[in-house]
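*Asks:* As given, the protein sequences belong to chains F and X, one line each in that order. Counting from 1, position 98 in the first sequence corresponds to residue 320 in our numbering; the numbering is continuous, with no gaps. Counting from 1, position 230 in the second sequence corresponds to residue 377 in our numbering; the numbering is continuous, with no gaps. Positions of the beta carbon are idealized from the N, C-alpha and C atoms, including for glycine.
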Amino acid sequence: MQVSKLFEPKKIGETSLGGKVVSYFFLIVWAIIVIFPIYWLFITSFKLPEDVKFYPTYLPWIDFNPSLHAWENILFVDSEDTYHSYFNSIIISFFSTILSIIVGSLAAYALARIKYAPNFRTIFLFVMIMASAFVIVGKYSVDWSLGTAVGLVLFYFLWRALLKTNISFVFKSITLIALISATCFLFLSVSINSFFEENGQVLASIMLFMTLGLGVFFFIKGTYSNDTYLCCS
Amino acid sequence: MKTLNEWIDKQSRRLFITPAVLLILVFSVFPLIASLVISFTRVRPRAGGYNMRFVGFRNFKKIFFGSEQYHLLGTFEAISALGWCLILVMLSALLWWLYSYTKKDFKLIGFIGRVISAAFIFSVTILFSVTLFSGNNFGTLPMTIIYVIFGCSIQFLIGLGLAYICSMNLKGRTFFRILFFMPLMITPVGIAYQWRMLADMNRGPLSGIWQSFGFGDLAWGSLAWPARTIIMIADAWMWIPFIFIVLVAALDTVSKDLVEAADVDGAGKWLIFKDVIWPQIAPVAGTVVLIRWIEGFKLVDIPLVMTSGGPGISTETLTMHSWTQWRALDFGGSSAVAYTLLFVTVIICVSFFNFVIRKYSQANQL
Numbered sequence: 223m224q225v226s227k228l229f230e231p232k233k234i235g236e237t238s239l240g241g242k243v244v245s246y247f248f249l250i251v252w253a254i255i256v257i258f259p260i261y262w263l264f265i266t267s268f269k270l271p272e273d274v275k276f277y278p279t280y281l282p283w284i285d286f287n288p289s290l291h292a293w294e295n296i297l298f299v300d301s302e303d304t305y306h307s308y309f310n311s312i313i314i315s316f317f318s319t320i321l322s323i324i325v326g327s328l329a330a331y332a333l334a335r336i337k338y339a340p341n342f343r344t345i346f347l348f349v350m351i352m353a354s355a356f357v358i359v360g361k362y363s364v365d366w367s368l369g370t371a372v373g374l375v376l377f378y379f380l381w382r383a384l385l386k387t388n389i390s391f392v393f394k395s396i397t398l399i400a401l402i403s404a405t406c407f408l409f410l411s412v413s414i415n416s417f418f419e420e421n422g423q424v425l426a427s428i429m430l431f432m433t434l435g436l437g438v439f440f441f442i443k444g445t446y447s448n449d450t451y452l453c454c455s
Numbered sequence: 148m149k150t151l152n153e154w155i156d157k158q159s160r161r162l163f164i165t166p167a168v169l170l171i172l173v174f175s176v177f178p179l180i181a182s183l184v185i186s187f188t189r190v191r192p193r194a195g196g197y198n199m200r201f202v203g204f205r206n207f208k209k210i211f212f213g214s215e216q217y218h219l220l221g222t223f224e225a226i227s228a229l230g231w232c233l234i235l236v237m238l239s240a241l242l243w244w245l246y247s248y249t250k251k252d253f254k255l256i257g258f259i260g261r262v263i264s265a266a267f268i269f270s271v272t273i274l275f276s277v278t279l280f281s282g283n284n285f286g287t288l289p290m291t292i293i294y295v296i297f298g299c300s301i302q303f304l305i306g307l308g309l310a311y312i313c314s315m316n317l318k319g320r321t322f323f324r325i326l327f328f329m330p331l332m333i334t335p336v337g338i339a340y341q342w343r344m345l346a347d348m349n350r351g352p353l354s355g356i357w358q359s360f361g362f363g364d365l366a367w368g369s370l371a372w373p374a375r376t377i378i379m380i381a382d383a384w385m386w387i388p389f390i391f392i393v394l395v396a397a398l399d400t401v402s403k404d405l406v407e408a409a410d411v412d413g414a415g416k417w418l419i420f421k422d423v424i425w426p427q428i429a430p431v432a433g434t435v436v437l438i439r440w441i442e443g444f445k446l447v448d449i450p451l452v453m454t455s456g457g458p459g460i461s462t463e464t465l466t467m468h469s470w471t472q473w474r475a476l477d478f479g480g481s482s483a484v485a486y487t488l489l490f491v492t493v494i495i496c497v498s499f500f501n502f503v504i505r506k507y508s509q510a511n512q513l
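(1) If the criterion is Cβ atoms closer than 8 Å, does the pair G230 (chain X) and F297 (chain X) meet it?
(2) DSSP on Y277 (chain F), reduced to helix/strand/coil?
(3) Starting from the beta carbon of M315 (chain X), find every residue of chain F whose beta carbon is closer than 9 Å, and list them in chain order.
(4) Short check: CB of V447 (chain X) to CB of T434 (chain X), under 8 Å?
(5) Please report the distance separating the alpha-carbon of F348 (chain F) from that of F377 (chain F).
(6) Tell me whether N514 (chain X) is buried or exposed, calling it buried when 16 or more other Cβ atoms sit within 10 Å of its Cβ.
(7) Leaving out five residues on either side along the sequence, give the residues of the same chain with a beta carbon under 7 Å from the beta carbon of T492 (chain X).
(8) Tell me, to the nearest whole angstrom, how far the beta carbon of L307 (chain X) is from that of L394 (chain X); I am working on the premise that it is less than 8 Å.
(9) At the 8 Å Cβ level, is P166 (chain X) part of the contact set with chain F, yes or no?
(10) Do you know how far the Cα of R474 (chain X) is from the Cα of F327 (chain X)?
(11) Report all residues from its chain with a CB closer than 8 Å to the CB of P282 (chain F); omit the five preceding and five following residues, and keep chain order.
(12) For the segment 339-411 of chain X, list the alpha helix (DSSP H) runs that are entirely contained and at least 4 residues long, ordered along the chain.
(13) Below 7 Å between beta carbons is the criterion; list the residues of the segment 329-357 of chain X that meet it against any residue of chain F, in chain order.
(14) Three or more beta-carbon pairs under 8 Å between the segment 335-348 of chain X and the segment 380-400 of chain X, yes or no?
(15) Taking Cβ to Cβ, would you say C522 (chain X) is nearer than 8 Å to R439 (chain X)?
(16) Just checking: is the beta-carbon of R160 (chain X) within a distance shorter than 8 Å of some beta-carbon in chain F?
(17) Just to confirm before moving on: does the CB-CB distance between T287 (chain X) and E463 (chain X) stay below 8 Å?
(18) With DSSP as the reference, identify every bridge partner of V503 (chain X), one or two as the case may be.
(19) Using CA coordinates, which residue listed in X:V277, X:F211, X:A194, X:T165 is at the minimum distance from V325 (chain F)?
(20) Per DSSP, V435 (chain X) forms a beta bridge with which residues?
(21) Have a look at G264 (chain X) and N310 (chain F) and give me their C-alpha separation to the nearest angstrom.
(22) Suppose the cutoff is 8 Å on Cβ atoms and the five residues either side in sequence are ignored; what does the same chain contact list for N421 (chain F) look like?
(23) Let's test the definition: count the other Cβ atoms within 10 Å of the Cβ of F163 (chain X) and tell me whether it reaches 16, buried, or not, exposed.
(24) Determine which residues of the segment 246-260 of chain F have a Cβ less than 8 Å from any Cβ of chain X, and write them out in chain order.
(25) Answer yes or no: does any C-beta atom of chain X fall closer than 8 Å to that of P282 (chain F)?
(26) With DSSP run on the structure shown, which of helix, strand or coil describes F286 (chain F)?
(27) DSSP beta-bridge partners for M199 (chain X)?
(28) Mind the definition here: the segment 165-183 of chain X touches the segment 321-336 of chain F only if three or more C-beta pairs lie below 8 Å; say whether that holds.
(29) Could you pull the DSSP bridge partners for G221 (chain X) from this structure?
(30) When the Cα atoms are used, what is the spatial distance from W470 (chain X) to A414 (chain X)?
(31) Could you check the C-alpha separation between T237 (chain F) and I338 (chain X) for me, to the nearest Å?
(32) I312 (chain X) CB to nearest chain F CB: under 8 Å?
(33) Quick one: is K209 (chain X) buried, meaning 16 or more other Cβ sit within 10 Å of its Cβ, or exposed?
(34) If W367 (chain X) and A374 (chain X) are in contact, beta carbons under 8 Å, what's the gap, nearest whole angstrom?
(35) Using a Cβ cut-off of 8 Å (strictly closer), state whether L370 (chain X) contacts chain F.
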């Protein structure tokens with residue numbers, strides 16, 4: 223039999239004998255590369271320190287006597303540490319999965335069914351307000367949550383006042399009052415910083431998240447287009 | 148109750164998307180802006196808070212031209228003849244590329260994009276010429292690029308070969324597919340410790356082989372290139388399964404009719420692969436390389452556990468550099484390194500997407 227015949231398949235779509243030999247060779251080599259480290263990890267967990275310390279030992283009961291001391295150690299002796307970290311992992315993976323499924327599926331459904339038109343002026347305003355809040359926090363050492371909350375309230379009112387044309391007189395005056403009082407509030411809080419250090423943390427955090435939620439909620443309200451409707455009954 | 152439902156119905160389009168927008172704004176957009184601001188400031192922790200001082204571009208100046216230059220870029224001394232050759236070859240190649248673009252359908256935006264990519268590639272070439280090819284030490288930025296370009300290329304070649312073999316009509320290929328997927332399920336820190344054990348030259352399982360080659364006394368952790376090689380091997384062992392599984396899925400969708408027609412026409416295995424199979428899997432292959440590059444720029448766990456950046460800084464990646472700066476309470480410098488990483492990643496990945504993947508997809512559609 224000629225060597226070149228080895229690599230000629232008998233039928234179309236079949237692999238030749240030589241091709242099979244070469245393929246299985248590579249497959250088995252890579253299988254060993256994949257399995258051996260995992261095998262080594264596994265048997266090392268049954269080794270005593272002296273089996274690891276001097277020279278490599280490969281086979282249980284021949285090279286070394288397997289012992290369960292490492293497993294005993296993590297399952298019974300130091301069990302609290304082990305269970306604690308396992309518990310943390312389970313909690314994190316479980317809740318992050320739930321959260322991402324809820325948020326992601328809501329957003330994916332909405333993005334697929336409804337048209338949203340992002341308004342770049344609004345995003346620019348948001349970024350500018352965020353930057354100024356950062357400067358206030360960094361430079362004048364205002365409490366960060368307070369600065370953010372005030373910044374977001376400012377963002378909301380400025381956005382209503384600057385970028386919306388059909389707003390009422392009442393709303394305009396509210397915006398003005400809010401702007402003025404927010405500015406005063408900021409300067410005041412710089413001077414009575416110690417008061418807020420005592421009491422303001424919790425209040426400011428609640429305020430931050432409420433205003434953040436409300437601001438985003440109304441930010442989107444202004445930007446969707448009217449030509450599609452969601453079918454719900 | 149009815150009015151509440153009606154209200155929810157009316158607001159549903161906002162209610163659906165508000166959580167996602169909120170999460171993105173708070174955990175993605177805000178940190179991005181905040182770290183940009185921090186990279187232009189000097190942050191000093193103090194009792195109960197921190198002081199921030201605006202310093203302009205001084206953080207960037209420090210890592211690119213100042214006292215931290217050796218850490219990010221490397222040590223520059225005389226450029227060798229090899230370095231000069233590489234610079235000249237690359238310069239002429241890039242100029243030719245730009246010139247040939249002006250000959251074809253010329254668009255200003257496309258030209259500007261190509262100029263930016265060419266300038267970036269040229270500066271990376273200069274960086275490598277003055278450090279690696281002139282025998283000088285190099286820093287974390289060239290190291291990361293070597294990990295990404297060199298490491299991912301090898302991973303792609305091995306993954307493609309295995310996927311090609313597993314897509315053939317062989318017995319037991321499902322078993323091998325499942326087996327080859329296994330390393331992806333192990334945690335990266337576990338893989339790093341496992342390779343520390345395996346690479347031990349005195350007590351590891353391969354120590355017999357090392358000692359027969361006369362490397363028994365070699366401590367790989369104390370030499371730059373052996374340490375880099377072993378980190379690349381560990382990274383490859385971990386990520387080849389990912390490339391493999393994606394390419395197997397792509398190879399399964401290759402139409403059998405075309406392959407058989409080429410076979411009947413007498414095309415060899417290599418010609419069938421080159422002209423029939425590769426054009427069909429090229430978009431997927433390009434995408435998987437892109438994903439691996441983006442992942443590769445974020446490599447931190449394996450070098451951190453295996454060598455913690457040593458010997459010296461020779462196995463440190465950009466992410467790890469940023470982390471060590473942060474640990475040293477140099478928040479501004481840390482953000483500057485992080486923004487350098489962002490800049491490099493965006494330029495490389497956008498260039499790759501525009502000039503390689505898109506070209507293949509368009510060729511496929513025609």
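*Replies:* Answer, in terms of the structure:
(1) If you number the second sequence from 1, residue 230 (chain X) lands on position 83. If you number the second sequence from 1, residue 297 (chain X) lands on position 150. Pairing G230 (chain X) with F297 (chain X) gives a Cβ-Cβ distance that is not under 8 Å.
(2) Along the first sequence, read from residue 1 onward, the residue named residue 277 (chain F) stands at position 55. In the structure shown, Y277 (chain F) adopts coil according to DSSP, grouped into three states.
(3) Counted from its first residue, the second sequence places residue 315 (chain X) at position 168. Per Cβ cutoff of 9 Å: T237, G241, K242, S245.
(4) Here residue 447 (chain X) refers to the residue found at position 300 when the second sequence is read from its first residue. Here residue 434 (chain X) refers to the residue found at position 287 when the second sequence is read from its first residue. No, they are not a contact pair.
(5) For the purposes of this step, residue 348 (chain F) is taken as residue 126 along the first sequence, with counting starting at 1. For the purposes of this step, residue 377 (chain F) is taken as residue 155 along the first sequence, with counting starting at 1. Spanning the two alpha carbons is a distance of roughly 6 Å.
(6) Residue 514 (chain X) is absent from the structure shown; chain X starts at 148 and stops at 513.
(7) As a first step, residue 492 (chain X) is located in the second sequence; it is residue number 345 there, counting from the start. Apart from sequence neighbours up to five positions away, the residues of its chain that approach T492 (chain X) with a beta-carbon distance below 7 Å are I441, F444, ordered along the chain.
(8) Locating residue 307 (chain X) in the second sequence gives position 160, counting from the first residue. Locating residue 394 (chain X) in the second sequence gives position 247, counting from the first residue. Cβ atoms of L307 (chain X) and L394 (chain X) come within 8 Å of each other, at about 6 Å.
(9) Position 19 of the second sequence holds residue 166 (chain X). Yes, its Cβ sits closer than 8 Å to a Cβ of chain F.
(10) Walking along the second sequence from the start, residue 327 (chain X) turns up at place 180. Walking along the second sequence from the start, residue 474 (chain X) turns up at place 327. Distance between the alpha carbons of F327 (chain X) and R474 (chain X) is about 38 Å.
(11) Taking the first sequence and counting its residues from 1, the one referred to as residue 282 (chain F) is at position 60. Leaving aside the five residues that flank P282 (chain F) on each side, the residues in its chain whose CB is nearer than 8 Å to its CB run, in chain order, I265, F268, P288.
(12) At a cut-off of 4 residues, the continuous stretches assigned as alpha helix (DSSP H) that sit fully inside the segment 339-411 of chain X are 354-359, 371-399, 403-411.
(13) The segment 329-357 of chain X vs chain F, Cβ under 7 Å: M329, P330, Q341, M344, L345, R350, G351, P352, S354.
(14) Taking a contact to require three or more Cβ pairs closer than 8 Å, the segment 335-348 of chain X and the segment 380-400 of chain X qualify as touching.
(15) Nothing about residue 522 (chain X) can be reported from this structure: the residues present for chain X run from 148 to 513 only.
(16) For the purposes of this step, residue 160 (chain X) is taken as residue 13 along the second sequence, with counting starting at 1. Cβ-Cβ to chain F under 8 Å: yes for R160 (chain X).
(17) The residue you call residue 287 (chain X) lines up with position 140 of the second sequence. The residue you call residue 463 (chain X) lines up with position 316 of the second sequence. In this structure, T287 (chain X) sits near E463 (chain X), with a CB-CB distance shorter than 8 Å.
(18) In the second sequence, counting from the first residue as 1, residue 503 (chain X) sits at position 356. None, per the DSSP bridge assignment.
(19) Taking the first sequence and counting its residues from 1, one reaches residue 325 (chain F) at position 103. Ranking the options by Cα distance to V325 (chain F), first place goes to X:T165.
(20) On the second sequence, position 288 is the one that residue 435 (chain X) refers to. Answer is none; V435 (chain X) lacks a bridge partner.
(21) Taking the first residue of the second sequence as 1, we reach residue 264 (chain X) at position 117. Taking the first residue of the first sequence as 1, we reach residue 310 (chain F) at position 88. Here the sequence assigns Ser to residue 264 (chain X), which means Gly is not the residue at that position. Between S264 (chain X) and N310 (chain F), the C-alpha separation is close to 44 Å.
(22) Taking the first sequence and counting its residues from 1, the one referred to as residue 421 (chain F) is at position 199. Note that N421 (chain F) has pLDDT 48, beneath the 50 cutoff, so the model's placement of it is unreliable and the number below is only indicative. Take N421 (chain F), set aside five residues on each side of it, and no residue of its chain has a beta-carbon closer than 8 Å to its own.
(23) Residue numbering aside, residue 163 (chain X) sits at position 16 when the second sequence is read from its first letter. Buried, because 16 or more other Cβ atoms sit within 10 Å of the Cβ of F163 (chain X).
(24) Correct list: Y246, F248, L249, W252, A253, I255, V256, I257, F258, P259, I260.
(25) In the first sequence, residue 282 (chain F) corresponds to position 60, counting from 1. Chain X, which has no Cβ nearer than 8 Å to the Cβ of P282 (chain F), makes this no.
(26) As a first step, residue 286 (chain F) is located in the first sequence; it is residue number 64 there, counting from the start. When DSSP states are grouped into helix, strand and coil, F286 (chain F) belongs to the strand group.
(27) If you number the second sequence from 1, residue 199 (chain X) lands on position 52. As DSSP reads the structure, M199 (chain X) sits in a beta bridge with X:V190.
(28) Taking 8 Å as the limit for Cβ pairs, the verdict is that the segment 321-336 of chain F does touch the segment 165-183 of chain X.
(29) By 1-based counting over the second sequence, the position of residue 221 (chain X) is 74. Partner(s): X:F285.
(30) The residue you call residue 470 (chain X) lines up with position 323 of the second sequence. The residue you call residue 414 (chain X) lines up with position 267 of the second sequence. Approximately 53 Å, taken between the alpha carbons.
(31) Working through the first sequence from its first residue, we reach residue 237 (chain F) at position 15. Working through the second sequence from its first residue, we reach residue 338 (chain X) at position 191. Rounded to whole angstroms, T237 (chain F) and I338 (chain X) show a C-alpha spacing of 36 Å.
(32) Translated into positions along the second sequence, residue 312 (chain X) becomes position 165. Yes, its Cβ sits closer than 8 Å to a Cβ of chain F.
(33) Within the second sequence, residue 209 (chain X) is the residue found at index 62, counting from 1. K209 (chain X) is buried by the Cβ-count criterion.
(34) Translated into positions along the second sequence, residue 367 (chain X) becomes position 220. Translated into positions along the second sequence, residue 374 (chain X) becomes position 227. With a beta-carbon spacing of about 6 Å, W367 (chain X) and A374 (chain X) fall inside the 8 Å limit used to define contacts.
(35) Taking the second sequence and counting its residues from 1, the one referred to as residue 370 (chain X) is at position 223. It does not: the Cβ of L370 (chain X) has no partner Cβ on chain F nearer than 8 Å.
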